[in-house]
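Under the working numbering, the first residue of the sequence shown carries the number 201, and numbering increases by one thereafter. All remarks here apply to the structure that follows.
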Amino acid sequence: MVSAPAFTPSAAAATVTPPPKHVGWDYQIGGGYTPPTGVKVVSRSHEDVPAPGMYNVCYINALQAQENAEGDWDSDLLLRDSGGEVVYDEDWGEAILDIRTDAKRKRIAAELNTWIDECAAKGFNAVEPDNYDTFTRFPEYLDGDQAKAFMKLLSAHAHEKGLAIAQKNTLELAPDRASVGLDFALVEECGEWKECGDFAEAFDNNVLVVEYTAKGLSQACSDWGSKLSIVRRDMEVLPKGTSGYLRQTC
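And the structure:
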């Protein structure tokens, strides 16, 4: 009996196109606006529309519910503590999704896959599932193996839809990017935390960097400005024309 060939994410990923390397880019997940001159890659929320003529990345909140959106999820898919209370990421007011079992991972992924379908239908080129690193903030409940198993479901679906998929932050799991099926990296503050080199090595310099401080931008540009795509944005990632908007590059 001949065994079927093993599935390899890299083979599936061969049918999708990752973003171009070392180009101008903009992080617009807080609201879209006309990209500045020289920008070739843009990331926007899945609720937004792609920027014409750009390589467009579609942002989804993958492992946490949006603020005040707990009711959009079945109650048993929200992570709960020993007292039965929902566990929150207090920094953002977001309920954590429970990815601890295969059955729950599949149910959560099924919902997120409808968002990925919307991304594809709108004409996005790639998807950015946020909060891959939730397990690092809640290690008493979640672990990296659960996160990887969950992300494999999303990457397989994204590839089926012709979309590349980004690893968001989560340096701990960068060595596993190929087995998980992740095509490029989109990382926050790797200059600030001196992690850009590790991401660059894991993803062959296909890294979109967003910094939020002058120090982080300076460090990223000094060390990696000639190889990686780097932008500084305000923490709220506000649209241009809004009070508090900030965008700087190397």
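Where a beta carbon is used, it is the ideal one built from N, C-alpha and C, also for glycine.
| Item | Value |
| --- | --- |
| Smallest Cα separation from V318: which of L373, R244 and V437? | Per the sequence shown, the amino acid found at residue 318 is Glu instead of Val. When each option's Cα is compared against that of E318, the closest is R244. |
| Quick one, are the C-beta atoms of D330 and Y255 less than 8 Å apart? | no |
| At a cut of 8 Å, does the segment 294 to 307 reach the segment 213 to 227 through at least three beta carbon pairs? | no |
| In angstroms, rounded to a whole number, what distance separates the CA positions of V242 and D272? | 28 Å |
| Should the segment 348 to 368 be regarded as contacting the segment 437 to 447, the criterion being three or more beta carbon pairs within less than 8 Å? | no |
| Within the segment 308 to 362, note down every full alpha helix (DSSP H) run reaching 4 residues or more, in order along the chain. | 334 to 337 and 344 to 360 |
| Is the beta carbon of I308 sitting closer than 8 Å to the one on F338? | no |
| Using beta-carbon positions only, say whether F399 and L382 come within less than 8 Å of one another. | no |
| From what residue to what residue does the alpha helix (DSSP H) around L417 run? | A414 to W424 |
| Give the DSSP-derived three-state secondary structure of F384 in the structure shown. | strand |
| Does N325 pass the burial test, meaning 16 or more other C-beta atoms within 10 Å, or should it be called exposed? | buried |
| Taking the alpha-carbon of E392 as reference, which of A414, A265 and V407 has the nearest alpha-carbon? | A414 |
| Assuming Y341 contacts L279 (C-beta within less than 8 Å), just tell me the rounded distance between them. | 6 Å |
| Kindly indicate which three-state DSSP category N369 falls into: helix, strand or coil? | coil |
| Smallest Cα separation from A262: which of T334, H359, L386 and D404? | T334 |
| Taking DSSP's pairing of strands, which residues face W225 in a bridge? | V241 |
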